[in-house]
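Protein chains: 2
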Amino acid sequence: MAHYHETSTLIGADKVEGTDVYNTAGEHLGTIHEIMIDKTSGKVAYAVMSFGGFLGMGEKYHPLPWSTLTYDVNQAGYVVNLSKQQLQDAPVFDEDEETFLSDRAYEKRVHDYYGTTPYWGL
Amino acid sequence: MAHYHETSTLIGADKVEGTDVYNTAGEHLGTIHEIMIDKTSGKVAYAVMSFGGFLGMGEKYHPLPWSTLTYDVNQAGYVVNLSKQQLQDAPVFDEDEETFLSDRAYEKRVHDYYGTTPYWGL
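Taken in sequence, the protein lines are chains D and Y. Residue numbers for the first sequence follow the UniProt record's numbering, beginning at 1 and rising by one. Residue numbers for the second sequence follow the UniProt record's numbering, beginning at 1 and rising by one.
Put into structure tokens, the structure is as follows:
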């Protein structure tokens, strides 16, 4: 395995995927499942967090805007400022609903929910 | 496996990684090895293309700016406008030289070589 999965400024998608996600109370929320990239601009559109399910069945996916994630060295994971209750109310999809990610109305709801600037600009 | 690895506008890093890269003459140049993301901005800094080597030893890595890659459905791979000779002269590193990717002078040379706008702006 190459050593360049992370530098001071860059991180490999492989290293992000599989990383645990916690909230500021230290509760485990899920795991980064996949990085979704905007084909045109090359910006990370979402870090999709998976949670629940068993052997890949029944999992739910939360598209998290990149800027919601802060890496915490102590927890060796990402921290998002989100209670479990807030997470329950956040935009989610399951594996049969992947088309949500190409629906601008859904995407706008995601960014509105997290108060983030959409990757496609304002 | 979830179905949302690709939508009309987004693509999963997992789907990009492992994809073959060709030049416009149809010659196989290498394979996308890893997507490197700028931690601060969430922009894809490079699609690192690997080539050569055997079982991971002796491989060389080319950091390709995202905008150099065009997906070609017929070849089921990315096409870059680069002859094999140009590829030989392009910035490269091996697995012991990963620090190049956090060296702005090296990075500038990469973007100058491909004539691309650096992900950190002008």
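The C-beta atom is built at its ideal place from N, Cα and C for all residues, glycine as well.
- Rounded to whole angstroms, the separation of the alpha carbons of T9/Y and A76/D is 31 Å.
- With fewer than 16 other Cβ atoms from the protein chains shown falling within 10 Å of its own Cβ, E27/Y counts as exposed.
- Against chain Y, a Cβ distance below 9 Å from D14/D picks out A13, D14, E17, E34 and I35.
- 9 Å or more divides the Cβ of I37/Y from the Cβ of V16/Y.
- Taken atom to atom, the span from the alpha-carbon of D89/Y to that of K60/D is near 46 Å.
- Partner residues in a beta bridge of K108/D, as assigned by DSSP, do not exist.
- Residues of chain Y with a Cβ closer than 7 Å to the Cβ of G42/D are, in chain order, K43, V44, W66 and S67.
- Within the UniProt domain "PRC-barrel" (11-85) of chain D, the beta strand (DSSP E) runs of at least 3 residues that lie entirely inside it are, in chain order, 20-23, 28-38, 44-51, 60-64, 70-72 and 77-80.
- CA-CA distance, V110/Y to D112/D, rounds to 36 Å.
- For K108/D, the closest Cβ of chain Y is not nearer than 9 Å.
- Contact note: L10/Y reaches chain D through M36, I37, D38, K39, A45, Y46, L101 and S102, using a C-beta cutoff of 9 Å and chain order.
- At a cut-off of 9 Å between C-beta atoms, Y119/Y counts as an interface residue with respect to chain D.
- T24/D and T68/D have their C-alpha atoms roughly 12 Å apart.
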